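A.B. asks:
There are 2 protein chains.
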Amino acid sequence: MRIAVDVMSGDNPPEELIKGALSAANDFGVEVLLIGASEVVDKYADEDKGIYVKHANTVVTMEDSALSAIKEKDDSSVAVGAMLLKNNEADALVSAGNTGALISAASIRVRRVKGIRRAAIGTVVPLDKPFIIVDAGANPEVLPENLLQFAHMGALYAERVLGIKSPRVGLLSNGTEEIKGTPITKETYGYLKESDLNFVGNVESRDLPAGICDVLVCDGFTGNITLKLIEGMGKFMSRTINSLFRHSIWTKIAYLACKKEIKKLRKRLDAGEYGGAPILGISKPVIKAHGNSDAKSMYNAIRQAKQFAESGIIQEFENRFRRNTANESKDVNSPSAD
Amino acid sequence: MRIAVDVMSGDNPPEELIKGALSAANDFGVEVLLIGASEVVDKYADEDKGIYVKHANTVVTMEDSALSAIKEKDDSSVAVGAMLLKNNEADALVSAGNTGALISAASIRVRRVKGIRRAAIGTVVPLDKPFIIVDAGANPEVLPENLLQFAHMGALYAERVLGIKSPRVGLLSNGTEEIKGTPITKETYGYLKESDLNFVGNVESRDLPAGICDVLVCDGFTGNITLKLIEGMGKFMSRTINSLFRHSIWTKIAYLACKKEIKKLRKRLDAGEYGGAPILGISKPVIKAHGNSDAKSMYNAIRQAKQFAESGIIQEFENRFRRNTANESKDVNSPSAD
Numbered sequence: 001m002r003i004a005v006d007v008m009s010g011d012n013p014p015e016e017l018i019k020g021a022l023s024a025a026n027d028f029g030v031e032v033l034l035i036g037a038s039e040v041v042d043k044y045a046d047e048d049k050g051i052y053v054k055h056a057n058t059v060v061t062m063e064d065s066a067l068s069a070i071k072e073k074d075d076s077s078v079a080v081g082a083m084l085l086k087n088n089e090a091d092a093l094v095s096a097g098n099t100g101a102l103i104s105a106a107s108i109r110v111r112r113v114k115g116i117r118r119a120a121i122g123t124v125v126p127l128d129k130p131f132i133i134v135d136a137g138a139n140p141e142v143l144p145e146n147l148l149q150f151a152h153m154g155a156l157y158a159e160r161v162l163g164i165k166s167p168r169v170g171l172l173s174n175g176t177e178e179i180k181g182t183p184i185t186k187e188t189y190g191y192l193k194e195s196d197l198n199f200v201g202n203v204e205s206r207d208l209p210a211g212i213c214d215v216l217v218c219d220g221f222t223g224n225i226t227l228k229l230i231e232g233m234g235k236f237m238s239r240t241i242n243s244l245f246r247h248s249i250w251t252k253i254a255y256l257a258c259k260k261e262i263k264k265l266r267k268r269l270d271a272g273e274y275g276g277a278p279i280l281g282i283s284k285p286v287i288k289a290h291g292n293s294d295a296k297s298m299y300n301a302i303r304q305a306k307q308f309a310e311s312g313i314i315q316e317f318e319n320r321f322r323r324n325t326a327n328e329s330k331d332v333n334s335p336s337a338d
Numbered sequence: 001m002r003i004a005v006d007v008m009s010g011d012n013p014p015e016e017l018i019k020g021a022l023s024a025a026n027d028f029g030v031e032v033l034l035i036g037a038s039e040v041v042d043k044y045a046d047e048d049k050g051i052y053v054k055h056a057n058t059v060v061t062m063e064d065s066a067l068s069a070i071k072e073k074d075d076s077s078v079a080v081g082a083m084l085l086k087n088n089e090a091d092a093l094v095s096a097g098n099t100g101a102l103i104s105a106a107s108i109r110v111r112r113v114k115g116i117r118r119a120a121i122g123t124v125v126p127l128d129k130p131f132i133i134v135d136a137g138a139n140p141e142v143l144p145e146n147l148l149q150f151a152h153m154g155a156l157y158a159e160r161v162l163g164i165k166s167p168r169v170g171l172l173s174n175g176t177e178e179i180k181g182t183p184i185t186k187e188t189y190g191y192l193k194e195s196d197l198n199f200v201g202n203v204e205s206r207d208l209p210a211g212i213c214d215v216l217v218c219d220g221f222t223g224n225i226t227l228k229l230i231e232g233m234g235k236f237m238s239r240t241i242n243s244l245f246r247h248s249i250w251t252k253i254a255y256l257a258c259k260k261e262i263k264k265l266r267k268r269l270d271a272g273e274y275g276g277a278p279i280l281g282i283s284k285p286v287i288k289a290h291g292n293s294d295a296k297s298m299y300n301a302i303r304q305a306k307q308f309a310e311s312g313i314i315q316e317f318e319n320r321f322r323r324n325t326a327n328e329s330k331d332v333n334s335p336s337a338d
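These protein sequence lines map, in sequence, to chains A and B. For the first sequence, this note's numbering gives the first residue as 1, with consecutive numbering after it. For the second sequence, this note's numbering gives the first residue as 1, with consecutive numbering after it.
#1: When you compare only the Cα positions, how much space is there between S195 of chain A and R168 of chain A?
#2: How many angstroms separate the CA atom of A92 of chain B from the CA atom of F317 of chain B?
#3: Could you please give the first and the last residue of the uninterrupted beta strand (DSSP E) stretch that includes H70 of chain A?
#4: Excluding the 5 residues preceding and the 5 following V80 of chain A in the sequence, name in chain order all residues of the same chain whose CB lies nearer than 7 Å to its CB.
#5: Could you compute how far the alpha carbon of M153 of chain B sits from the alpha carbon of D75 of chain B?
#6: Helix, strand or coil for S336 of chain A? Go by DSSP, reduced to three states.
#7: Just to confirm the assignment, what range does the alpha helix (DSSP H) spanning L216 of chain A have?
#8: Closer than 8 Å is the cut-off here; do at least three beta carbon pairs connect the segment 245 to 252 of chain B with the segment 254 to 262 of chain A?
#9: Run down chain A in chain order and give the residues with a C-beta less than 9 Å from the C-beta of L127 of chain B.
#10: Apart from the five residues just before and just after L192 of chain A, which ones in its own chain have a Cβ nearer than 7 Å to its Cβ?
#11: DSSP has G170 of chain A in a bridge; who is on the other side?
#12: What residues of chain B sit near R206 of chain A, judged by a beta carbon separation below 8 Å?
#13: Under 9 Å between beta-carbons, which chain A residues line up against E261 of chain B? List them in chain order, please.
#14: So, does the CB of Y340 of chain B fall closer than 9 Å to a CB anywhere in chain A?
#15: Please report how far the alpha carbon of R246 of chain A lies from the alpha carbon of D48 of chain A, in whole angstroms.
#16: Who pairs with H290 of chain B in a beta bridge, going by DSSP?
#17: Using beta carbons (cut-off 9 Å, strictly below), is L192 of chain A in contact with chain B?
#18: From Y157 of chain A to I313 of chain A, what distance separates their C-alpha atoms?
#19: Please report the distance separating the alpha-carbon of M1 of chain B from that of V32 of chain B.
#20: Using only alpha-carbon positions, find the residue among B:Q307, B:G137 and B:L244 that is nearest to K263 of chain A.
#21: Which same chain residues, not among the five before or five after G272 of chain B, have their C-beta less than 8 Å away from its C-beta?
#22: Rounded to a whole number of angstroms, what is the C-alpha to C-alpha distance between I241 of chain A and K19 of chain B?
#23: Residues of chain B with CB closer than 9 Å to the CB of V181 of chain A, please, in chain order.
#24: Using a cut-off of 8 Å between C-beta atoms, extract the partners of G137 of chain B located in chain A.
#25: Between E273 of chain B and chain A, is there a C-beta pair that is closer than 9 Å?
#26: Give me the Cβ distance between A105 of chain B and A90 of chain B, rounded to the nearest whole Å; I'm assuming they're in contact under 8 Å.
#27: Considering only residues of the same chain and omitting the five flanking positions on each side of A254 of chain A, which have a CB-CB separation below 7 Å?
#28: What residues of chain B sit near A257 of chain A, judged by a beta carbon separation below 7 Å?
#29: Could you work out which residues of chain A lie near N224 of chain B, taking near to mean beta carbons separated by less than 7 Å?
#30: Could you please give the first and the last residue of the uninterrupted alpha helix (DSSP H) stretch that includes I302 of chain B?
#31: If you draw a straight line from the C-alpha of S9 of chain A to the C-alpha of K86 of chain A, how long is it?
#32: Would you give the residue range spanned by the alpha helix (DSSP H) that Y189 of chain A belongs to?
#33: Tell me whether G234 of chain A is buried or exposed, calling it buried when 16 or more other Cβ atoms sit within 10 Å of its Cβ.
#34: Go through its chain and collect everything with a Cβ distance to V215 of chain A's Cβ below 6 Å, but skip five positions before and after it.
#35: Which bits of chain A does T58 of chain B rub up against, with CB to CB less than 7 Å?
#36: Please determine if the segment 133 to 143 of chain A and the segment 218 to 227 of chain A are in contact, where contact requires at least 3 C-beta pairs separated by less than 8 Å.
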C-alpha cells in the first residue's frame, strides 16, 4: 500500500510532517509518497525503506479558495495528490492543508462514490468514548437525503475503522423529541427511523461528552460549530485546571501529586491524538489532517489512511449507494437493501 | 415593582421556588405575586412583606405543546402569568416551565414589541467572561432580519443589564472569514457590518470560552446546541476533575489542598448562578428560569427580572424598532437611526 502525503500545506514546516511520515512508513508497513518541492522532499527518497517523492511546485494556502487546486494552482501539492489517486499511483492521500481545496480536488479529480451526492468530513472526537461527527464542516447546507447518506457512511466508518459494533447513530437536534429540530432534521428523522441503522433518535449536545451516540449526524455548519466548541472547551478546561493549581503553595504541591493524571487528561483532550478526519464519499481514501499537525499527528493520520484503505468500506459504499441509485424514487428512505 | 412568579411549572416542588421568591422579595425590595394552586400559595400571602398570591388551576407540563397555554390550558400558571402582565397587574413574569408555552403565551397575550418579528431567548453563559446567546432556542429557523434584531436586542441587554460597555457582537459561524457560513448568516453579516453595533465579525465556537464576544448572534437551533454543549462540557469537566483526584492516596490528599479552588470552579460552571434567560422582544419583561431551578436560581431569576424591568430597554426596543418599521424598506440594515 502506498500513501501519498502532502507535506507542504500544513501550518508546520514540511520537515515536521515528513518526520511523522517516515516513522509511519517504518512502523505500519506502508510506502509513503512525499509530495512537495524538489529541494524539500528529494533528500528523503529511499526506495529500500519505501519512501518515494513526487514534485509539486506550488501550495494552496489556507487563504486560497476551495477551487484554487482545480483552477489556478493545478500544480499544487494537494492537486498533485489528487491526480496520484486518480491515476492509481497512490492508494490513499493525506493532507494537512486547506480543507475546501482538498475536498474539491478529491471530488472533481478522484470523483465521489457513485450515488453519493455530497462528500462529508467525518471527524472523530475523543471524549469519554470516541464518536464521529458527520458532517464536521464540508456542507454548511444540506438536504435530508444528504444527512441520510452521512449517517450510513459514518456508521460504516465507525464499525469498520473505529471498531464499534452496531454503532448508535444520533441526529443532532435542539431536543430529544421527534418534533424538535428544523424542517430538514425532522424529515431526516423519518428517513433514519425507517433505515436499518441503529438510530437512537435526536440527541442533544449536552449528552455528547458522556457518549450518547457513536455517529453524530448533522449539517457541516452545526457540526463544525460542535467540533470547535468541544475543542475550545477542552482548552478552557486545561487553562482552568492550570490556574487552579497555581493558586497557592499548597495547590502547587498538590500539583506534583496529580501531575501524571493531569498529563493523561491533557493527552485525552489533545485533538492530535486522532490525527485526522476521513473525507467520506470520495472513491479513494482521503484523510484531512489537522492544519497544525505535528509529526505525531501526521503519523496518526497515516495510520488512519491505512485503516481506511484496508477497511473496504468504500467498496461497501459503492454497493450500497449504487443499489440505492438504481431504485432511487421508491427507495430513498433505505439506501441499504439489506 | 411587582414580579409575578409561576411557582408551579418547574421540575422542583413549588415550595422550593417559593423559598427563593420570598428571599428575593425580602432582599430586592420588590413585591412578588406567587401564581399557583390555592392550597400551595395561599399560606404565604402576606401583604406587609409584599407577598401576594394568584390562583391557577392547571399546569403546562414539559410534554405539553407550545400552544397549550393559549388553547386547552388557559387557566394554567403560565397563562395566568401572561394575563397578569397584559392587565398591568404585574411588571414582570418569571417561569421555570415549558419554554415554548411561556414564549407563545407571552407573544400572544402580552404581545411583542412593535416592529419585532420574533421573540428570542437570550441566555447568559458564565465562562471566563459572561456572554449572551441570542437566540438560545426559540427560533430553529430564522431570516437575516430576525438575526439583526436579535443582535440589537442582545447588545442592549448586555449593555444595560449585564453592564458591558459597547458590547462586542459576534455572528456564530463555521469560520471567521466573511465568506464562511450559510446563505442566511452571510446576508446577516452584511447587515451587521453596516449597523451601528460593535460588530466583531464571524466568530468560531472554539473562541467562545475565552470571551471572543459579549453577544453571540445565531439561530435558535445552533444557539441551543451551543448552550447545551457548553453545559455538557462543564459537567464532563467536573466529572473528569473528580476522577483525577480520586486516583491515589496522594491525589486524595492533594484534593484537600485544592478543595476551595475546586468549589469555586464548580460554582463558575454552575449554570444556576445566572438564574434565567430573558425572552427578548416581548413588550413586558419575561424571564425563563431553568427547568430544574432551585430556590437560589429562582432568587437570581427574580433579581434579573427586576434589573430587566428597571433597565428601560423594552422602551428602547420600541423606539428603535418602531422607527425601523416606519422606514422599513430603505432602513432594514440599520434599525437604530442613531
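No residue lacks a Cβ here, since even glycine has one placed at the ideal position from N, Cα and C. No experiment lies behind these values; they were computed from the predicted model shown.
C.D. replies: Short version:
#1: Sequence index remark: in the first sequence, residue 195 of chain A carries index 195 (1-based). Sequence index remark: in the first sequence, residue 168 of chain A carries index 168 (1-based). One C-alpha to the other measures close to 13 Å.
#2: Locating residue 92 of chain B in the second sequence gives position 92, counting from the first residue. Locating residue 317 of chain B in the second sequence gives position 317, counting from the first residue. Each residue's alpha carbon lies about 16 Å from the other.
#3: Counted from its first residue, the first sequence places residue 70 of chain A at position 70. Checking the sequence shown, residue 70 of chain A turns out to be Ile, not His. Here I70 of chain A belongs to no beta strand (DSSP E), and DSSP marks it neither H nor E.
#4: Residue numbering aside, residue 80 of chain A sits at position 80 when the first sequence is read from its first letter. Here the set comprises I35, K54 and A56.
#5: The residue you call residue 153 of chain B lines up with position 153 of the second sequence. The residue you call residue 75 of chain B lines up with position 75 of the second sequence. One alpha carbon belongs to M153 of chain B, the other to D75 of chain B, and they sit about 31 Å apart.
#6: The residue given as residue 336 of chain A occupies position 336 in the first sequence. In this prediction, S336 of chain A scores a pLDDT of 35, lower than 50, which makes its location untrustworthy; no coordinate-derived value is stated.
#7: Here residue 216 of chain A refers to the residue found at position 216 when the first sequence is read from its first residue. Segment V215 to V217 is the beta strand (DSSP E) holding L216 of chain A; no alpha helix (DSSP H) there.
#8: yes
#9: On the second sequence, residue 127 of chain B is found 127 positions in, with the first residue counted as 1. Here the neighbours are M233 and F236.
#10: Translated into positions along the first sequence, residue 192 of chain A becomes position 192. Excluding residues within five positions, the ones whose Cβ falls inside 7 Å are L148, A151, V169, L171 and F199.
#11: Residue 170 of chain A sits at position 170 when you count from the first residue of the first sequence. A:G201 and A:L216, per the DSSP bridge assignment.
#12: The count along the first sequence starts at 1 and reaches residue 206 of chain A at position 206. Under a criterion of Cβ atoms nearer than 8 Å, the residues of chain B adjacent to R206 of chain A are, in order, K228, L229, E231, G232 and K235.
#13: By 1-based counting over the second sequence, the position of residue 261 of chain B is 261. Going along chain A in sequence order, the residues near E261 of chain B (Cβ under 9 Å) are S243, L244, F245, H247, S248 and T251.
#14: Residue coverage of chain B in this structure runs from 1 to 338, which leaves residue 340 of chain B outside it and unanswerable.
#15: On the first sequence, position 246 is the one that residue 246 of chain A refers to. On the first sequence, position 48 is the one that residue 48 of chain A refers to. If you take the alpha carbons of R246 of chain A and D48 of chain A, they lie about 51 Å apart.
#16: Here residue 290 of chain B corresponds to residue number 290 of the second sequence, with the count starting at 1. For H290 of chain B, which the question treats as bridged, DSSP gives no partner whatsoever.
#17: The count along the first sequence starts at 1 and reaches residue 192 of chain A at position 192. Taking Cβ atoms only, chain B never reaches closer than 9 Å to L192 of chain A, which makes this a no.
#18: Against the first sequence, residue 157 of chain A aligns to sequence position 157. Against the first sequence, residue 313 of chain A aligns to sequence position 313. The C-alpha of Y157 of chain A lies about 7 Å from the C-alpha of I313 of chain A.
#19: Residue 1 of chain B sits at position 1 when you count from the first residue of the second sequence. Residue 32 of chain B sits at position 32 when you count from the first residue of the second sequence. Each residue's Cα considered, the two are about 8 Å apart.
#20: Here the question's residue 263 of chain A lines up with position 263 in the first sequence. Per the Cα distances, B:L244.
#21: Within the second sequence, residue 272 of chain B is the residue found at index 272, counting from 1. With a pLDDT of only 42 at G272 of chain B, under the threshold of 50, the placement of this residue in the model should not be trusted; the figure read from the coordinates follows. So the list reads H290, S293, D294, K296, S297 and N300, once near-sequence residues are dropped.
#22: Numbered from its first residue, the first sequence carries residue 241 of chain A at position 241. Numbered from its first residue, the second sequence carries residue 19 of chain B at position 19. Cα-Cα distance, rounded: 35 Å.
#23: Within the first sequence, numbered from 1, the residue matching residue 181 of chain A stands at position 181. Checking the sequence, you will find Gly at residue 181 of chain A rather than Val. Going along chain B in sequence order, the residues near G181 of chain A (Cβ under 9 Å) are P140 and F221.
#24: The count along the second sequence starts at 1 and reaches residue 137 of chain B at position 137. Here the neighbours are N174.
#25: Within the second sequence, residue 273 of chain B is the residue found at index 273, counting from 1. Only weak support is given to the placement of E273 of chain B: the predicted model assigns it a pLDDT of 49, under 50, and the value that follows is read from those uncertain coordinates. No, E273 of chain B does not count as interfacial toward chain A.
#26: Translated into positions along the second sequence, residue 105 of chain B becomes position 105. Translated into positions along the second sequence, residue 90 of chain B becomes position 90. Wrong, their Cβ atoms sit about 13 Å apart, outside the cutoff.
#27: Counting from one through the first sequence, the residue named residue 254 of chain A turns up at place 254. F245, listed in sequence order.
#28: As a position in the first sequence, residue 257 of chain A is number 257, starting the count at 1. The contacting residues are W250, T251, I253 and A254.
#29: Locating residue 224 of chain B in the second sequence gives position 224, where the first residue counts as 1. Going along chain A in sequence order, the residues near N224 of chain B (Cβ under 7 Å) are N174.
#30: As a position in the second sequence, residue 302 of chain B is number 302, starting the count at 1. Here the alpha helix (DSSP H) through I302 of chain B covers A295 to S311.
#31: Counting from 1 along the first sequence, the entry for residue 9 of chain A is found at position 9. Counting from 1 along the first sequence, the entry for residue 86 of chain A is found at position 86. Taking the straight line joining both Cα atoms gives about 20 Å.
#32: In the first sequence, counting from the first residue as 1, residue 189 of chain A sits at position 189. For Y189 of chain A, the enclosing alpha helix (DSSP H) starts and ends at P183 to E194.
#33: Counted from its first residue, the first sequence places residue 234 of chain A at position 234. With 16 or more other Cβ atoms within 10 Å, it is buried.
#34: Numbered from 1 along the first sequence, position 215 holds the residue referred to as residue 215 of chain A. Hits under 6 Å: I132, G154, A155, A158, P167 and V169.
#35: The residue you call residue 58 of chain B lines up with position 58 of the second sequence. Result: empty, since nearest Cβ-Cβ is about 21 Å, beyond 7 Å.
#36: yes
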